[in-house]
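What follows is a single structure, written as structure tokens, with notes after it.
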Amino acid sequence: VLGMSELLLATPLDELQRGYAASIQHAGTHLLRLVNDALDLARIEAGRLELDIRPFDLMSMLAQVETLMEPMAHHRGLAFERSFNLPGPV
1 VLGMSELLLA TPLDELQRGY AASIQHAGTH LLRLVNDALD LARIEAGRLE LDIRPFDLMS
61 MLAQVETLME PMAHHRGLAF ERSFNLPGPV
């Protein structure tokens, strides 16, 4: 799914199609993270998890969550808002 969406994004698409393809790619990435999280949980339970602590872009991650979740909320007649109050720069 990730490879095909990447190939699709490399082709000429209109804005709506590009948005759909990007959503597919983000959803595939999210699914991959869920699978990796499940594997990490198994490692934790087995006492074999090694942490990889590194910086990440929180604002980008929140934007991706919004991109994935907002359409589902809208489909159910719900509003989706991204709101946070952080103590300092992230």
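Residues 1 to 90 in UniProt numbering are what the sequence shown lists, from first letter to last.
No residue lacks a Cβ here, since even glycine has one placed at the ideal position from N, Cα and C.
Model, not experiment: these values are computed from the prediction.
- When DSSP states are grouped into helix, strand and coil, Val35 belongs to the helix group.
- About 6 Å separates the Cβ atoms of Leu68 and Ala27, confirming a contact at the 8 Å cut-off.
- Counting only unbroken stretches of 4 or more residues, the alpha helix (DSSP H) elements lying wholly within the region 26–78 are 58–75, in sequence order.
- Straight-line spacing of the CA atoms in Tyr20 and Leu49 works out to 35 Å.
- Its chain contains Leu49 as the residues whose beta carbon lies nearer than 7 Å to that of Arg43, once the 5 sequence neighbours on both sides are disregarded; these appear in chain order.
- Around the C-beta of Ser83, fewer than 16 other C-beta atoms lie within 10 Å, and the residue is accordingly described as exposed.
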